[in-house]
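Numbers given in my numbering equal positions in the sequence shown, counted from 1, plus 75.
Taking it in order: structure first as structure tokens, then the write-up.
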Amino acid sequence: MVRVESPTAELGTPRVLTAAWVAPVAAPPLPSGGVRIADGRITAVGPAAGIIRPGDRVDDLGAALLTPGLVNPHTHLELTDYAGRIPPGSLWEWLPRLVVLRRAPGQAERETAAVARGAAQSLAAGVTCVGDISRLNLHWRVLRRRPIRKVCYVELLALADDPPRNVDELRAAADEVVEDDRLTVGFTPHAPYSVPADQLRAALRLAHERGRPWCTHWAETRAERAFLLGETAALPPFLRDLLAQCGLRSPGLSAIELLERCAADVRPGLLAHFNYAEAGEAERLAAAGHTVVYCPRAHQYFGHPPHPFRAMQRAGVRVALGTDSAASNHDLRLLAEAQFVLTQTPDPPPPAALLRMITLDAAHALELGATIGSLEPGKWADLAAFPCDPASPDPVADLVRTAPAPLGVWVAGTRVI
Ligand SMILES: [Zn+2]
């Protein structure tokens, strides 16, 4: 891991963005608010009239709601171009079809271009930071030249034809990554059925020792949970054969027990999906401090029953929303995930909580909660401005209900949309 200076931060005259409404997320929405920015960072947030100083450049955004830039904690941008290529169905129907698409000639070139398109689509949707996973470790080379902020997770998959297939290869791949103020490397052992338990544990340990975030797909299907307990026959035949070829065996533990063994003595991490939880597991997740990332539209795409995220939140688990890849979704619009939860699921969280799940909660999932995810002095000026009715009594509810495209997007104070 090499680190270089960030090319992003806009230096020069302090600037104040003012708008009909500002939603800092860490505080209630402000009418006629403003955000003061200097050297790429937020220096003040409050009523516009109170934060403008002599000499500041003032940009009034008018009928807009200014929010933190949205944070998509779980995606695979290299799969962006496979959107619409696989019909909705179970994960086990989807996976072999995805493998066929990916193995078509020209994979590296195609998926490199897809990362760039995925980043552009994300920014255009108000997403200023992604937690992105790449199987071929090609994402960071593309994304470091793009203004979007990112955690580039390097993936360990024991079943794969290409490295990293073990922790030594994972370490070597991560060592290639060039980090800067906008790019952080992360570590991701793929899932508990595709990585042996000792390698899983070693990968999380490596992330911990390097002081970098980790994520993994966990408890995504019932079959996975059954496999972990020893019911190998629960998996589809193609996967059983593949696991047998690679010498991968069931650890004979429940999903939560395996997690607790692998993640003992490391900082908490990001668990993508956790679609199936049993009694008492939410409390154990909360005690460990992990973040669960629920991907609502991908969840529906794969035909899962309702996600237990509300029970998890009530038990104290931090839950963020993500898109997963465009290959199992309609697009990469993170705000549409919050809209989906608000309008199409029973017992949704309030709109303000949903906005937090795609900003500050997601930032914490990426271990970036101290520097992005809310509008607070000292944080990076990563912002999105959405159209709003200045007279609305609840512009955040309007935002989540209608999920409009942003009017403007800023990363470290530089306007990128
Ligand atoms: Zn995923």
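Note that the Cβ used here is the ideal one computed from N, Cα and C, for glycine as well.
Values in this document were obtained by computation on a predicted structure and should not be read as measured data.
- prompt: In chain order, what residues of the same chain have a beta carbon less than 6 Å from the beta carbon of G109, not counting five sequence neighbours either side?
  reply: Mapped onto the sequence shown, residue 109 falls at position 34. In chain order, V91, T93, A123 and I126 place their CB closer than 6 Å to the CB of G109, counting only its own chain and leaving out the 5 sequence neighbours on each side.
message: Please tell me whether P106 and A95 are closer than 8 Å, where the distance is taken between their beta carbons.
response: Here residue 106 refers to the residue found at position 31 when the sequence shown is read from its first residue. Here residue 95 refers to the residue found at position 20 when the sequence shown is read from its first residue. It is a contact, given that the beta carbons lie within the stated cut-off.
A347 Cβ short of 7 Å to ligand 1 heavy atom set: Indexing the sequence shown from 1 puts residue 347 at position 272. For ligand 1, at least one heavy atom lies less than 7 Å from the Cβ of A347.
task: Work out the CA separation of L275 and R372 for me, nearest whole Å.
output: For the purposes of this step, residue 372 is taken as the residue at position 297 of the sequence shown. For the purposes of this step, residue 275 is taken as the residue at position 200 of the sequence shown. R372 and L275 have their C-alpha atoms roughly 28 Å apart.
task: My understanding is that W289 touches P267, with C-beta atoms under 8 Å, so please give their C-beta distance in whole angstroms.
output: Against the sequence shown, residue 289 aligns to sequence position 214. Against the sequence shown, residue 267 aligns to sequence position 192. 13 Å between Cβ atoms; not a contact.
query: In angstroms, rounded to a whole number, what distance separates the CA positions of P343 and G364?
result: For this step, residue 343 is matched to residue 268 along the sequence shown. For this step, residue 364 is matched to residue 289 along the sequence shown. A straight line joining the alpha-carbon of P343 with that of G364 spans about 5 Å.
message: For P481 and L435, I'd like the C-alpha separation in whole angstroms.
response: Along the sequence shown, read from residue 1 onward, the residue named residue 481 stands at position 406. Along the sequence shown, read from residue 1 onward, the residue named residue 435 stands at position 360. When rounded, the distance between both Cα atoms is 18 Å.
field: Any non-hydrogen atom of ligand 1 within 7 Å of D399 CB
entry: Reading the sequence shown from its first residue, position 324 is the one you call residue 399. For ligand 1, at least one heavy atom lies less than 7 Å from the Cβ of D399.
query: Which residues in the same chain have their Cβ closer than 8 Å to the Cβ of R490, if we skip the five residues on either side of it in sequence?
result: As a position in the sequence shown, residue 490 is number 415, starting the count at 1. Closer than 8 Å at the Cβ level, and outside the excluded window around R490, lie G483 and V484.
- prompt: How far does the alpha helix (DSSP H) with D255 in it reach, from first residue to last?
  reply: As a first step, residue 255 is located in the sequence shown; it is residue number 180 there, counting from the start. Neither: D255 is in no alpha helix (DSSP H) and is coded neither H nor E.
Span of the alpha helix (DSSP H) around I331: Position 256 of the sequence shown holds residue 331. Counting along the chain, the alpha helix (DSSP H) containing I331 begins and ends at A330 to C337.
query: According to the neighbour-count rule (16 or more other Cβ atoms, all chains shown, within 10 Å of its Cβ), is V252 buried or exposed?
result: The residue labelled residue 252 in the question sits at position 177 within the sequence shown. By the 10 Å Cβ count, V252 comes out buried.
query: What do you reckon, is the C-beta of H149 under 7 Å from a heavy atom of ligand 1?
result: The residue you call residue 149 lines up with position 74 of the sequence shown. Correct: H149 has its Cβ closer than 7 Å to ligand 1.
Nearest candidate by alpha-carbon position, reference R287, set T259, G305, A309 and A308: The sequence position of residue 287 within the sequence shown is 212, counting from 1. Nearest of T259, G305, A309 and A308 to R287, Cα basis: T259.
- prompt: Based on Cα-Cα distance, which residue from L417, D135, G444 and P468 lies nearest to T477?
  reply: Sequence index remark: in the sequence shown, residue 477 carries index 402 (1-based). Of the listed residues, the one whose Cα sits closest to T477 is L417.
Beta bridge counterpart(s) of I549 as assigned by DSSP: Nothing about residue 549 can be reported from this structure: the residues present for the chain run from 76 to 492 only.
- prompt: Who does G69 pair with in a DSSP beta bridge?
  reply: Outside the displayed range of the chain (76 to 492) lies residue 69, so it cannot be described from this structure.
message: Is the beta carbon of D131 closer than 8 Å to that of P89?
response: Along the sequence shown, read from residue 1 onward, the residue named residue 89 stands at position 14. Along the sequence shown, read from residue 1 onward, the residue named residue 131 stands at position 56. The answer is yes: Cβ separation under 8 Å.
- prompt: Per DSSP, F262 is paired with what?
  reply: As a first step, residue 262 is located in the sequence shown; it is residue number 187 there, counting from the start. In the DSSP output, where bridge partners are listed per residue, F262 has V229 and W289.
query: In or out: L140 buried (at least 16 other Cβ within 10 Å) or exposed?
result: Position 65 of the sequence shown, counted from the start, is the residue given in the question as residue 140. Buried, since its Cβ has 16 or more Cβ neighbours within 10 Å.
task: Alpha carbon to alpha carbon, how far is R116 from G397? Give it in angstroms, no decimals.
output: Taking the first residue of the sequence shown as 1, we reach residue 397 at position 322. Taking the first residue of the sequence shown as 1, we reach residue 116 at position 41. Cα to Cα, the separation comes out at about 25 Å.
query: Is P148 helix, strand or coil when you go by DSSP?
result: Position 73 of the sequence shown, counted from the start, is the residue given in the question as residue 148. Note: P148 maps to strand in three-state DSSP.
query: So what's F384 in DSSP terms, helix, strand or just coil?
result: Residue numbering aside, residue 384 sits at position 309 when the sequence shown is read from its first letter. Three-state DSSP puts F384 in a helix.
query: Which term fits A179, buried or exposed, when burial requires 16 or more other beta carbons within 10 angstroms of its beta carbon?
result: Taking the first residue of the sequence shown as position 1, residue 179 is located at position 104. Its Cβ having fewer than 16 others within 10 Å, A179 is exposed.
query: In whole angstroms, what separates the C-alpha of N350 from that of G488?
result: Start at 1 with the first residue of the sequence shown, and residue 350 comes out as number 275. Start at 1 with the first residue of the sequence shown, and residue 488 comes out as number 413. When rounded, the distance between both Cα atoms is 37 Å.
- prompt: With respect to the alpha helix (DSSP H) encompassing L166, which residues constitute its N-terminal and C-terminal limits?
  reply: Mapped onto the sequence shown, residue 166 falls at position 91. Note, L166: alpha helix (DSSP H), L166 to R178.
task: Specify the secondary structure class of H405 as computed by DSSP and reduced to three states.
output: The count along the sequence shown starts at 1 and reaches residue 405 at position 330. Coil, per DSSP.
task: Measure the CB-CB distance between E230 and H265 and report whether it falls below 8 Å.
output: Sequence index remark: in the sequence shown, residue 230 carries index 155 (1-based). Sequence index remark: in the sequence shown, residue 265 carries index 190 (1-based). Going by C-beta atoms, E230 is nearer than 8 Å to H265.
- request: To the nearest angstrom, report how far apart P238 and I447 are at their CA atoms.
  value: Stepping through the sequence shown from its first residue, residue 238 is reached at position 163. Stepping through the sequence shown from its first residue, residue 447 is reached at position 372. When rounded, the distance between both Cα atoms is 32 Å.
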